[in-house]
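Novice:
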Amino acid sequence: MDTGFMIASLVIGLYVCLGPFVFLALYVLFDRFAEREPAQKKQPALLDDNPALWTKAHTDAYFVRKKTQSVLTKSSECTL
Numbered sequence: 101m102d103t104g105f106m107i108a109s110l111v112i113g114l115y116v117c118l119g120p121f122v123f124l125a126l127y128v129l130f131d132r133f134a135e136r137e138p139a140q141k142k143q144p145a146l147l148d149d150n151p152a153l154w155t156k157a158h159t160d161a162y163f164v165r166k167k168t169q170s171v172l173t174k175s176s177e178c179t180l
């Protein structure tokens, strides 16, 4: 058997055997980098999506934000 062919077959064998583990490790690494907050702290997003769960403070903040956005939109329309 030729030495070059043996080396090539061993390299391909290593890639086939270890490749999935390398891809899994990269996936876990990038997934860890993308994680902003732990899963326990993601519950307030439900409040943003469901107005039925809002408190008075949430509704006041929403209307203030909506009012400032409408003022900004109207002022930008006038300057154009």
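So the numbering used here is basically just the index in the sequence shown, starting at one, shifted up by 100.
Quick reminder that beta carbons are idealized off the backbone N, C-alpha and C, glycines included.
Quick caveat, the model's predicted, so the values are computed rather than measured.
Is residue 168 helix, strand or coil when you go by DSSP?
Specialist: Taking the sequence shown and counting its residues from 1, one reaches residue 168 at position 68. Residue 168 falls in the helix class under three-state DSSP.
Novice: Taking residue 103 as part of the alpha helix (DSSP H), name the residues at either end of that continuous run.
Specialist: On the sequence shown, residue 103 is found 3 positions in, with the first residue counted as 1. Bounds of the alpha helix (DSSP H) holding residue 103 are 103-134.
Novice: When you compare only the Cα positions, how much space is there between residue 162 and residue 155?
Specialist: Within the sequence shown, numbered from 1, the residue matching residue 162 stands at position 62. Within the sequence shown, numbered from 1, the residue matching residue 155 stands at position 55. If I take the Cα positions, the gap works out to 11 Å.
Novice: Residue 133 to residue 114, Cα distance in whole Å?
Specialist: Counting from 1 along the sequence shown, the entry for residue 133 is found at position 33. Counting from 1 along the sequence shown, the entry for residue 114 is found at position 14. Whole-angstrom Cα-Cα distance: 28 Å.
Novice: Give the secondary structure of residue 159 by DSSP, where H, G and I count as helix, E and B as strand, and everything else as coil.
Specialist: Sequence index remark: in the sequence shown, residue 159 carries index 59 (1-based). Helix.
Novice: Tell me the rounded alpha-carbon separation between residue 166 and residue 158.
Specialist: In the sequence shown, the residue the question calls residue 166 occupies position 66. In the sequence shown, the residue the question calls residue 158 occupies position 58. Straight-line Cα distance between these residues: approximately 12 Å.
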